[in-house]
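Only one structure is covered here, and it is reproduced in the block below.
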Amino acid sequence: MDILIGIKFCGGCNPRYDRKLKKEEIENKLFTFFKALKTQFNIEHAREDAHYKYLIVIGGCSTCCASYDQYKADKVIKIKDISDMPIEIYSFQEEQNGVEEIL
Amino acid sequence: MLMTGTEYIESLRKLNTRVYMFGEKIENWVDHPMIKPSINCLAVTYDLAQDPEYADLMTAKSSITGEKINRFAHLHQSSEDLKKKVKMQRLCGQKTASCFQRCVGMDAFNAVFSTTFEIDEKYGTHYHENFVKYLKYIQENDLVVDGAMTDPKGDRALAPHQQKDPDLFLRIKEVREDGIIVRGAKCHQTGSINSHEHLIMPTIAMKEEDKAYAVSFAVESDAEGVYMIYGRQSCDTRKMEENADVDLGNKQFGGQEALVVFDDVFVPNERVFLCGEYDFAGMMVERFAGYHRQSYGGCKVGVGDVIIGAAALAADYNGAAKASHVKDKIIEMTHLNETLYCCGIACSTEGYATKAGNYQIDLLLANVCKQNVTRYPYEIVRLAEDIAGGLMVTMPSEKDFKSDTVVGKEGETIGDICNKYFAAAPTCSTEDRMRILRLLENICLGSSAVGYRTESLHGAGSPQAQRIMIARQGNISEKKELAKAIAGIK
Numbered sequence: 000m001d002i003l004i005g006i007k008f009c010g011g012c013n014p015r016y017d018r019k020l021k022k023e024e025i026e027n028k029l030f031t032f033f034k035a036l037k038t039q040f041n042i043e044h045a046r047e048d049a050h051y052k053y054l055i056v057i058g059g060c061s062t063c064c065a066s067y068d069q070y071k072a073d074k075v076i077k078i079k080d081i082s083d084m085p086i087e088i089y090s091f092q093e094e095q096n097g098v099e100e101i102l
Numbered sequence: 000m001l002m003t004g005t006e007y008i009e010s011l012r013k014l015n016t017r018v019y020m021f022g023e024k025i026e027n028w029v030d031h032p033m034i035k036p037s038i039n040c041l042a043v044t045y046d047l048a049q050d051p052e053y054a055d056l057m058t059a060k061s062s063i064t065g066e067k068i069n070r071f072a073h074l075h076q077s078s079e080d081l082k083k084k085v086k087m088q089r090l091c092g093q094k095t096a097s098c099f100q101r102c103v104g105m106d107a108f109n110a111v112f113s114t115t116f117e118i119d120e121k122y123g124t125h126y127h128e129n130f131v132k133y134l135k136y137i138q139e140n141d142l143v144v145d146g147a148m149t150d151p152k153g154d155r156a157l158a159p160h161q162q163k164d165p166d167l168f169l170r171i172k173e174v175r176e177d178g179i180i181v182r183g184a185k186c187h188q189t190g191s192i193n194s195h196e197h198l199i200m201p202t203i204a205m206k207e208e209d210k211a212y213a214v215s216f217a218v219e220s221d222a223e224g225v226y227m228i229y230g231r232q233s234c235d236t237r238k239m240e241e242n243a244d245v246d247l248g249n250k251q252f253g254g255q256e257a258l259v260v261f262d263d264v265f266v267p268n269e270r271v272f273l274c275g276e277y278d279f280a281g282m283m284v285e286r287f288a289g290y291h292r293q294s295y296g297g298c299k300v301g302v303g304d305v306i307i308g309a310a311a312l313a314a315d316y317n318g319a320a321k322a323s324h325v326k327d328k329i330i331e332m333t334h335l336n337e338t339l340y341c342c343g344i345a346c347s348t349e350g351y352a353t354k355a356g357n358y359q360i361d362l363l364l365a366n367v368c369k370q371n372v373t374r375y376p377y378e379i380v381r382l383a384e385d386i387a388g389g390l391m392v393t394m395p396s397e398k399d400f401k402s403d404t405v406v407g408k409e410g411e412t413i414g415d416i417c418n419k420y421f422a423a424a425p426t427c428s429t430e431d432r433m434r435i436l437r438l439l440e441n442i443c444l445g446s447s448a449v450g451y452r453t454e455s456l457h458g459a460g461s462p463q464a465q466r467i468m469i470a471r472q473g474n475i476s477e478k479k480e481l482a483k484a485i486a487g488i489k
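Listed below in structure tokens is the structure:
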């Protein structure tokens, strides 16, 4: 079964970094990561009628005020800074087969 | 259903709104070069709501239907909602560098919603039920509503009923079985021409003698008897110049105000939300003003963000960015701007639930917010003009910069001469320098100064109105007790 990942942006009133670029960076990293694991994944803007393995909330500042209670997700990961990455997802491989960290 | 910006603009074309400008009726006002930028601003409030990057601020779940709606049509359900409102306004200010006009409706919705609940509670009327039905219609159709409060007011020393001309405050002319006939006008109406609907509120607290003036209702903008006379703005006819671009400073966006006249307009009962219950006029005014004074802690901050960015760019382009006094001025502008934001967030954080269930801002802090807004933008533009330099207001026109008319002894054109003498730091083109200076001119003293300067002073009530509220809310007696306790006075 494909891993379903949702992305939710904060509203962007005074972002300290480019959230769109960050989303692309995260998508690229996850593509590499899941490809190495030979695991299919889908990433999309969060919808209320979906259930996500991971919901990544990209906030433009440390407040990260985006609301996300309306979404169903096993795990919520918050990005609050340009250097943040959804590293929690990397533990996915350990859950699956216990292999060493790839990224 | 949420509309796109394009759908919003098309929806305006279906209205038969009567608009007058320069003494004439404007038939195609949607495409009029002086009006279009203000329509573009409102279109942004629709387009941002469609964009996942901004939707968290721009949309909300309706407390009436449970559906996703534009936040501009939302009844605030929590302090978090109040804060998101301010953040949304900052965002819209950043994207337009203008007054985007939609907050008056939002502030009116929340004020009328809670006030009608309390009127019904006291008098057994059905205004709240009327209003909830009305707002459901607005939310479901994603409409723009002008929340209209300010009457012409005539002689300020006289109450509404004492005015020589009874129409100087909007009034109930006749009560019929099926509705009311209203007559009068509302001044300075932000975005009125661009609104699908008008939601009218009284302008001051009233006594029994002014019962006929205690009225709140909604009408379509093209209702029989409603018409609008466009308000002039500084440098507005630059927008009428052929191929105008750089000289406009902000080609795409702008604000709008108009005089809205109600020439014996019929309002059906289901659209009436206050009709003679004069003791609630003050509550409606105070609540709307409170929300609107909070609003300025968001929208003006967003425009301030653009001014600070433009001033910093002007410093770069002038080659002055490293000067310590320039750096300090940018810091001061930022400090002033973020202080306004602090006030907007603070009065939201201290918000509380009304009897009707929606959230109201802290009145004292909202009034402090607006009082600061009457001052700080003036200092921000002063500093911006300081950094920009005099060229901001002495620069030749775009046509000169592009002119190929030969004027020099060696065949130089007017354009060559302008580009030669107005070049500055090698990191920018003369055109870019001209663009950023014109943007500053537009906001500091051009057409957008209506929104950033004078609206900051008088919009949502002139400075003295906030001082009266601050005096009422200041809790001075408690402060005296604090001082007595410390001083050992019994």
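Taken in sequence, the protein lines are chains X and W.
Taking numbering that gives the first Met the number 0, the leading residue of the first sequence gets 0, the next gets one more, and so forth.
Taking numbering that gives the first Met the number 0, the leading residue of the second sequence gets 0, the next gets one more, and so forth.
Glycine included, each C-beta is placed from N, C-alpha and C at the ideal position.
Remember, predicted model here, so these are calculated numbers, not experimental data.
Quick check: the Cα distance between residue i and residue j, rounded to an integer number of angstroms?
i               : j               : result
A257 of chain W : D150 of chain W : 12 Å
K408 of chain W : Q251 of chain W : 39 Å
T44 of chain W  : F99 of chain W  : 8 Å
E276 of chain W : G65 of chain W  : 32 Å
G445 of chain W : R175 of chain W : 47 Å
G190 of chain W : A322 of chain W : 41 Å
K483 of chain W : E477 of chain W : 10 Å
Q293 of chain W : N418 of chain W : 45 Å
E6 of chain W   : Y133 of chain W : 21 Å
I199 of chain W : G146 of chain W : 6 Å
A45 of chain X  : Y70 of chain X  : 7 Å
C60 of chain X  : C9 of chain X   : 9 Å
R17 of chain W  : L167 of chain W : 21 Å
A213 of chain W : I306 of chain W : 41 Å
F116 of chain W : I34 of chain W  : 37 Å
S113 of chain W : S402 of chain W : 59 Å
K328 of chain W : C427 of chain W : 22 Å
I8 of chain W   : N249 of chain W : 19 Å
I55 of chain X  : K79 of chain X  : 11 Å
Closest to residue i by CA distance: which of the options is it?
i               : options                           : result
V85 of chain W  : W:R432, W:T16, W:G301 and W:F112  : W:G301
Y570 of chain W : W:C346, W:K369, W:N366 and W:C368 : With chain W running from 0 to 489 in the structure shown, residue 570 of chain W is simply not present.
S78 of chain W  : W:R434, W:L438, W:G350 and W:D403 : W:G350
I228 of chain W : W:F21, W:A54, W:T333 and W:D315   : W:F21
E52 of chain W  : X:K77, X:P85, X:K34 and X:P14     : X:P14
C234 of chain W : W:M282, W:K83, W:L438 and W:V284  : W:L438
A243 of chain W : W:Q49, W:G281, W:V392 and W:R434  : W:R434
E278 of chain W : W:S220, W:Y290 and W:E208         : The displayed chain sequence assigns Asp, not Glu, to residue 278 of chain W. Checking every option, the nearest Cα to that of D278 of chain W belongs to W:E208.
F216 of chain W : W:L157, W:Q255, W:R170 and W:G254 : W:R170
V103 of chain W : W:D415, W:Y226, W:Y295 and W:K479 : W:Y295
V29 of chain W  : W:L11, W:F108 and W:C40           : W:L11
L247 of chain W : W:I442, W:I475, W:A470 and W:G410 : W:I442
R237 of chain W : W:N15, W:P36, W:S461 and W:I469   : W:P36
A96 of chain W  : W:I488, W:S447 and W:I475         : W:S447
H50 of chain X  : X:G58, X:T31, X:C64 and X:K74     : X:K74
D164 of chain W : W:A184, W:R432 and W:D177         : W:A184
K52 of chain X  : X:F91, X:C12 and X:G11            : X:F91
T62 of chain X  : X:G11, X:L3 and X:F40             : X:G11
Within this structure, are the beta carbons of residue i and residue j separated by less than 8 Å?
i               : j               : result
V111 of chain W : I179 of chain W : no
P395 of chain W : R452 of chain W : no
Q472 of chain W : L339 of chain W : no
A158 of chain W : V284 of chain W : no
Y49 of chain W  : S62 of chain W  : The sequence given here has Gln at residue 49 of chain W, not Tyr. Against a cut-off of 8 Å, the Cβ pair of S62 of chain W and Q49 of chain W comes out as no contact.
On the three-state DSSP scale, how would you describe residue i?
i               : result
V56 of chain X  : strand
P201 of chain W : coil
I101 of chain X : Because I101 of chain X sits at a pLDDT of 43, beneath the cut-off of 50, its placement in the model cannot be relied upon, and the point is left open.
E269 of chain W : helix
M282 of chain W : helix
I360 of chain W : coil
S215 of chain W : strand
I78 of chain X  : strand
L3 of chain X   : strand
T62 of chain X  : coil
C186 of chain W : strand
D403 of chain W : coil
T58 of chain W  : strand
E276 of chain W : coil
G178 of chain W : strand
Open item on the list: Could you tell me which whole beta strand (DSSP E) segments of length 3 or greater appear in the segment 74-148 of chain W?
Closed with: The qualifying runs are 144-147.
Open item on the list: Just to confirm the assignment: which complete beta strand (DSSP E) runs, minimum length 3, are found wholly within the segment 25-55 of chain W?
Closed with: For the segment 25-55 of chain W, not a single whole beta strand (DSSP E) run of length 3 or above is found.
TODO: Please go through the segment 414-444 of chain W and give each complete alpha helix (DSSP H) segment of 4 or more residues, from N-terminal end onward.
DONE: Whole alpha helix (DSSP H) segments, 4+ residues: 429-443.
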